[in-house]
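Asks: Please read through the structure below; I'll follow up with questions.
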Amino acid sequence: MDSTTNTASVQSPRHFTVRSVSAGLTVGAVICAANIYFGLQTGWVSIMSMPASLMGFGIFQLLRPHLRFPFTPVENVLLQSVACGVGIMPLGCGFVGVIPAMNYLLAPEERGPLSLRLEQLIVWSLGLCYFGVVFAVPLRHQVIVRERLKFPSGFSTAVLISVLHGHWRPTADREILDAAAGGSFASLVPQFDCHQPSMEAPPNSGEHGEEGLNLEQAEQESELSVQLPPELSDWALNMRLLLTSFCVSGALTTCTYFFPTLRNIPFLGTGVANSWLWTLNPSLAYVGQGIIMGIETTTHMTVGAIVGWGFLSPLAKYQGWAPGPVDDWQHGSKGWIVWVSLAIMLADAVVSLCYLSLRTFVGIEFAGFLERETLRLHGLWNSFRRRAVYARLPSDELGQHQGSNPPARSLTAQDENEDTTSHTRNPTGHGQRPTDAPAVQLIGVHLVAAGLIVSILLCIGTVHIVFGNLVPVYTTVVAVFMALVLSIMGVRALGETDLNPVSGISKLAQLFFALIVPQSSKSSVLINLVAGAIGALQAGDLMQDLKTGHLLGASPQAQFWGQMIGATAGAFLSAVLYRLYTNVYQIPGELFQVPTAYVWIFTARLVTGQGLPPMASKWASGAGALFTLTTMARIASVGKFWRAYVPGGIAVAIGMYNVPSFTLGRAIGGLIGWYWTKIKQRSSTSMIIMASGFILGEGFLSILNLILQSSGVPHF
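As structure tokens, this is what we get:
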């Protein structure tokens with residue numbers, strides 16, 4: 001009986017298991033807590049799919065003696081799908097930007113501030129969390145199955161899971177992995193029958209693991225997750241490094257509660273620190289973020305900090321354009337330079353999205369035309385060649401074979417096209433790979449249609465329940481359908497570059513609604529915020545998980561339900577955590593400055609025609625024009641060595657609207673990562689594992705600080 005059970009478990013992978021869902025919810029809760037914490041501090045949010053897979057694998061390795069059947073790669077895919085569904089909700093539901101802007105920054109003449117109860121926050125979250133998950137289903141077939149976009153983070157996570165479960169050696173040929181990234185179903189499962197991936201490598205085959213984290217840095221992270229050096233091939237070493245960095249960062253976070261001055265070290269002297277806010281926050285989490293972002297992004301952010309806080313802030317103060325205290329968002333230079341950073345972000349967003357929309361909607365049609373013409377000419381040539389060279393002769397031998405083994409017919413152009421689109425060569429050389437999962441594992445058209453309708457109606461209904469007549473129903477309807485269109489561009493950008501232009505998409509939605517909502521309406525700013533929040537769909541981030549599952553032969557249906565469960569749990573959890581933090585801490589305050597909320601509210605006021613501070617319009621216009629050119633240069637220079645020296649608009653803007661203490665910590669991390677990989681010529685993977693532990697440790701242990709704060713434990 002035992003042998004039968006074991007054999008069955010090997011031959012019949014379980015794509016959906018309660019244990020994977022439970023573990024995914026646990027891991028997702030840690031990621032969600034970290035995202036709420038860092039989102040309220042600096043606006044930084046990460047889906048963290050690779051740490052989720054590594055932590056999930058570690059959990060089940062510890063429980064291995066007690067498992068009835070082995071933990072499989074497809075279960076790991078489900079686990080990280082659930083975890084990412086939970087973890088991304090602070091961003092998807094607006095708890096790091098839109099909701100704080102409504103709660104604390106809306107002026108009375110703008111129908112604010114709005115005090116939303118916990119149950120209203122949960123209703124709002126449930127309205128926003130589903131239609132991104134559902135809309136990802138039809139997009140999956142287009143961008144993953146047909147176009148086979150790489151989705152570098154999803155590919156890297158798939159490689160990690162495959163190595164952890166013994167399907168690939170750490171020294172796997174790079175060409176084989178690149179071929180697998182081409183996108184056929186289960187192409188990272190080196191089995192003859194790709195629909196039946198093995199459940200677990202035998203104990204003597206070894207379990208190897210390498211982990212990287214992919215955050216807006218496509219090429220860098222996809223490179224390092226494939227290198228997989230032998231010295232880190234043991235999953236236990238990976239987990240030990242992750243847990244050690246987690247504990248060290250968490251301990252330092254707890255120390256900062258008792259010694260708050262550790263968060264703001266006046267490294268340039270107390271005078272500069274008090275007057276111009278130049279301090280250093282030695283948070284290991286920000287060092288970890290810098291390691292993950294890479295030297296290019298952190299350098300551009302540092303440029304933004306130097307220009308914003310070293311030049312523009314003193315200039316605005318001394319010229320009388322921002323006469324208030326420097327740290328005053330309304331009348332000080334802190335608020336004044338946000339307008340300049342906002343212009344840079346808008347310029348970058350408009351140029352990038354215009355280029356992307358041309359590639360998405362015009363490029364697809366042109367590519368389709370070229371493909372049809374190529375196939376037509378190819379078919380004519382093959383037809384001519386076969387008639388001239390391969391004329392079939394009558395033969396008695398031929399007749400003898402017709403009963404049992406008919407001769408192979410020549411392929412027509414259509415047959416060849418079907419063959420190349422329905423199967424691809426297994427990168428290991430064994431057999432053929434289907435392009436998609438078996439029909440029984442796919443999500444039915446009727447379910448997708450019903451899910452879209454229900455989720456859209458739910459979104460419209462919940463927005464009306466929460467805001468009532470403050471937000472007209474027609475604006476919500478338009479926002480939903482605009483979000484669906486914009487998400488196509490976002491998904492394609494993520495698939496090609498690993499950059500999710502969520503900030504640009506939301507700003508574009510805000511610009512659009514400024515045109516259709518009368519500026520005379522007192523609710524125009526509030527409507528603009530709601531529309532932008534709906535436009536910031538999480539479909540792109542969830543597509544990374546679907547790519548991971550596609551490469552590992554996981555059931556799309558199981559992933560869909562896993563993401564739905566994760567989104568539901570994340571909607572509740574993120575609302576509860578947000579309310580806990582806002583009840584205990586002052587927001588905005590020294591610890592939680594909610595800069596993203598200010599960017600949202602300033603954008604809404606800008607596009608609805610409200611006035612800017614003195615001289616802000618001229619400096620913002622100049623900065624916008626300059627970064628229009630730099631963004632165009634970066635688009636034109638993809639793959640060129642000098643592209644890294646052209647400042648990226650989003651990175652510069654983030655460095656400008658965040659206080660220097662956050663940016664400098666990331667700059668240190670970027671330098672450490674650069675020194676380790678470029679100077680020492682060592683693998684980046686161990687650094688990424690350590691960085692992930694730093695981030696998760698501070699994010700999760702911040703809950704302990706929250707408990708201490710609510711209990712009135714004194715500081716020193």
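Taking full-length UniProt numbering, the leading residue of the sequence shown gets 1, the next gets one more, and so forth.
A virtual CB, placed ideally from N, CA and C, is assigned to each residue, including glycine.
Source: prediction; values computed, not measured.
Can at least three beta-carbon pairs, one atom from the stretch 99-109 and one from the stretch 56-76, be found at a separation below 8 Å?
Replies: Because the criterion of three Cβ pairs below 8 Å is not met, the stretch 99-109 and the stretch 56-76 do not touch.
Asks: Pick from T17, L116, S46 and M543: whose alpha carbon is nearest that of R68?
Replies: Counted from its first residue, the sequence shown places residue 68 at position 68. R68 has its Cα closest to that of T17, out of T17, L116, S46 and M543.
Asks: Just how far apart, CA to CA, sit G562 and S684?
Replies: Stepping through the sequence shown from its first residue, residue 562 is reached at position 562. Stepping through the sequence shown from its first residue, residue 684 is reached at position 684. Straight-line Cα distance between these residues: approximately 31 Å.
Asks: Output needed for L664: all residues of its chain with C-beta closer than 6 Å, excluding positions within five of it in sequence on either side, in chain order.
Replies: As a first step, residue 664 must be located in the sequence shown, where it is residue number 664. Contacts found: L280.
Asks: First and last residue of the alpha helix (DSSP H) that includes Y578?
Replies: Along the sequence shown, read from residue 1 onward, the residue named residue 578 stands at position 578. It spans P556 to V584 - the alpha helix (DSSP H) in which Y578 sits, taken as one unbroken run.
Asks: Measuring alpha carbon to alpha carbon, tell me which of H550, Q289, A509 and R146 ends up nearest I161.
Replies: As a first step, residue 161 must be located in the sequence shown, where it is residue number 161. It is H550 whose Cα lies nearest to the Cα of I161.
Asks: Given K317, which residues of its chain have a CB within under 6 Å of its CB, disregarding the five upstream and five downstream residues?
Replies: Residue mapping note: residue 317 aligns to position 317 of the sequence shown, counting from 1. Only S333 meet the Cβ criterion.
Asks: DSSP puts I265 in a beta bridge; with which residues?
Replies: Start at 1 with the first residue of the sequence shown, and residue 265 comes out as number 265. The partner list for I265 (beta bridge, DSSP) reads L280.
Asks: Please work out which residues of its chain come closer than 8 Å, Cβ to Cβ, to F716, disregarding the five sequence neighbours upstream and downstream, and give them in chain order.
Replies: On the sequence shown, residue 716 is found 716 positions in, with the first residue counted as 1. So the list reads F258 and F259, once near-sequence residues are dropped.
Asks: According to DSSP, is H15 helix, strand or coil?
Replies: Indexing the sequence shown from 1 puts residue 15 at position 15. H15 falls in the coil class under three-state DSSP.
Asks: What does a CB cutoff of less than 8 Å around V45 pick up in its chain, not counting 5 residues either side in sequence?
Replies: For the purposes of this step, residue 45 is taken as the residue at position 45 of the sequence shown. These residues qualify, in order along the chain: N35, F38, G39, I88, P90, L91 and V96.
Asks: Can you give me the Cβ contacts of M687 inside the same chain, cut-off strictly under 7 Å, excluding the 5 residues immediately before and after it?
Replies: As a working mapping, residue 687 is identified with position 687 in the sequence shown. Only I291, G673 and W676 meet the Cβ criterion.
Asks: As an exercise, report each continuous alpha helix (DSSP H) stretch of at least 4 residues that is fully enclosed by the stretch 621-709, in chain order.
Replies: Within the stretch 621-709, the complete alpha helix (DSSP H) runs of at least 4 residues are 649-657 and 660-674.
Asks: Quick one: what's got a C-beta closer than 7 Å to I707's C-beta in the same chain, skipping five residues either side?
Replies: Working through the sequence shown from its first residue, we reach residue 707 at position 707. Counting only Cβ-Cβ distances below 7 Å, and skipping sequence neighbours, we find nothing.
Asks: Check whether the stretch 655-664 and the stretch 301-309 are in contact - that is, three or more C-beta pairs closer than 8 Å.
Replies: Contact holds: three or more Cβ-Cβ distances are below 8 Å.
Asks: Would you kindly work out how many angstroms separate the C-alpha atoms of W492 and V143, rounded to a whole number?
Replies: To locate residue 492, count along the sequence shown from 1; it is residue 492. To locate residue 143, count along the sequence shown from 1; it is residue 143. The sequence given here places Arg at residue 492; Trp does not occur at that position. When rounded, the distance between both Cα atoms is 7 Å.
Asks: Thinking C-beta only, is S341 closer than 8 Å to G693?
Replies: Numbered from its first residue, the sequence shown carries residue 693 at position 693. Numbered from its first residue, the sequence shown carries residue 341 at position 341. Cβ atoms of G693 and S341: not closer than 8 Å.
Asks: Given this structure, state the Cα-to-Cα distance separating V86 from Q319, to the nearest angstrom.
Replies: On the sequence shown, position 86 is the one that residue 86 refers to. On the sequence shown, position 319 is the one that residue 319 refers to. Cα to Cα, the separation comes out at about 47 Å.
Asks: By the DSSP assignment, the alpha helix (DSSP H) with C296 in it spans what residues?
Replies: Working through the sequence shown from its first residue, we reach residue 296 at position 296. The residue asked about is misnamed: residue 296 is Glu in this sequence, not Cys. E296 -> alpha helix (DSSP H) spans I295 to A305.
Asks: Would you report the Cα separation of P714 and A33, rounded to the nearest angstrom?
Replies: Within the sequence shown, the letter at position 714 stands for residue 714. Within the sequence shown, the letter at position 33 stands for residue 33. Approximately 24 Å between the Cα atoms of the pair.
Asks: Put R146 into one of helix, strand or coil per three-state DSSP.
Replies: To locate residue 146, count along the sequence shown from 1; it is residue 146. DSSP places R146 in helix when its eight states are reduced to three.
Asks: Does the stretch 543-560 touch the stretch 439-456, meaning 3 or more C-beta pairs lie closer than 8 Å?
Replies: Output reads yes: the stretch 543-560 touches the stretch 439-456.
Asks: Could you check the C-alpha separation between S455 and P138 for me, to the nearest Å?
Replies: Along the sequence shown, read from residue 1 onward, the residue named residue 455 stands at position 455. Along the sequence shown, read from residue 1 onward, the residue named residue 138 stands at position 138. When rounded, the distance between both Cα atoms is 15 Å.
Asks: Would the beta-carbon of W321 fall within 8 Å of that of Y598?
Replies: On the sequence shown, residue 321 is found 321 positions in, with the first residue counted as 1. On the sequence shown, residue 598 is found 598 positions in, with the first residue counted as 1. Going by C-beta atoms, W321 is not nearer than 8 Å to Y598.
Asks: Considering only their Cβ atoms, is the gap separating S523 from V471 smaller than 8 Å?
Replies: As a working mapping, residue 471 is identified with position 471 in the sequence shown. As a working mapping, residue 523 is identified with position 523 in the sequence shown. Yes, these two residues count as a Cβ contact at 8 Å.
Asks: Mind checking which residues open and close the alpha helix (DSSP H) that includes M615?
Replies: Here residue 615 refers to the residue found at position 615 of the sequence shown. M615 -> no alpha helix (DSSP H), and no H or E assigned at all.
Asks: Which first and last residues belong to the alpha helix (DSSP H) in which V134 is found?
Replies: Working through the sequence shown from its first residue, we reach residue 134 at position 134. It spans F131 to R140 - the alpha helix (DSSP H) in which V134 sits, taken as one unbroken run.
Asks: Would DSSP call M239 helix, strand or coil?
Replies: Numbered from its first residue, the sequence shown carries residue 239 at position 239. In the structure shown, M239 sits in a helix (DSSP, three-state: H, G or I).
Asks: For the 8 Å Cβ check, are there 3 or more pairs between the stretch 562-573 and the stretch 123-136?
Replies: The answer is yes - the stretch 123-136 touches the stretch 562-573, with three or more Cβ pairs under 8 Å.
Asks: Are the Cβ atoms of S487 and F135 separated by less than 8 Å?
Replies: Residue 487 sits at position 487 when you count from the first residue of the sequence shown. Residue 135 sits at position 135 when you count from the first residue of the sequence shown. Contact: yes.
Asks: Can you tell me whether L519 is buried or exposed, with buried defined as 16 or more other CB within 10 angstroms of its CB?
Replies: Locating residue 519 in the sequence shown gives position 519, counting from the first residue. Checking the sequence shown, residue 519 turns out to be Gln, not Leu. Q519 is exposed by the Cβ-count criterion.
Asks: Decide if S702 is buried, meaning its Cβ has at least 16 other Cβ atoms within 10 Å, or exposed.
Replies: As a first step, residue 702 must be located in the sequence shown, where it is residue number 702. S702 is buried by the Cβ-count criterion.
Asks: Please state the DSSP three-state secondary structure of F38.
Replies: The sequence position of residue 38 within the sequence shown is 38, counting from 1. Three-state DSSP puts F38 in a helix.
Asks: Could you pull out every residue in the same chain whose Cβ sits closer than 6 Å to the Cβ of I271, ignoring the five residues on either side in sequence?
Replies: On the sequence shown, residue 271 is found 271 positions in, with the first residue counted as 1. Residue identity differs from the one stated: residue 271 is Gly in this sequence, not Ile. Same-chain partners within the cutoff: there are none.
Asks: By Cβ distance, which residues of its chain are closer than 6 Å to F60, with the 5 residues on each side in sequence left out?
Replies: Along the sequence shown, read from residue 1 onward, the residue named residue 60 stands at position 60. Counting only Cβ-Cβ distances below 6 Å, and skipping sequence neighbours, we find F71.
Asks: The alpha helix (DSSP H) with R605 in it runs from where to where?
Replies: Here residue 605 refers to the residue found at position 605 of the sequence shown. Segment P595 to V607, the alpha helix (DSSP H) holding R605.
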